[in-house]
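Encoded as C-alpha cells, the structure appears first; notes follow it.
Listed below in C-alpha cells is the structure:
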C-alpha cells in the first residue's frame, strides 16, 4: 500500500484502521465480526464510517 494510504490509515481510530486492514486482507465478514467483537449487523455501518473517515484523511494529503 502506498505511504499516503498508510499515513491516512494511521490517523484513524484504531478500530476503524483495524477493520479496514481486515477487509483489505480479504477476511470473511464473520471472522471480522468475531475479531472486532461486533454483531454482524454492525459491520456495514462501521465499515461505511471507517471508509468515510479514510477518504477524509486521504483528501487532507
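In my numbering, the protein residues as written are 96 to 156.
All C-beta atoms in this analysis are idealised placements derived from N, C-alpha and C, irrespective of residue type, glycine included.
Restricting to Cα atoms, I'd like to know which of the options is closest to residue i.
i	options	result
residue 141	155, 103, 100 and 124	124
residue 132	110, 102 and 101	110
residue 138	121, 147 and 127	127
Within its chain, find whatever has a CB closer than 6 Å to the CB of residue i; leave out the 5 residues flanking it on each side and keep chain order.
i	result
residue 145	111, 114 and 115
Go ahead and pull the three-state DSSP assignment for residue i.
i	result
residue 135	helix
residue 140	helix
residue 150	helix
residue 106	coil
residue 120	coil
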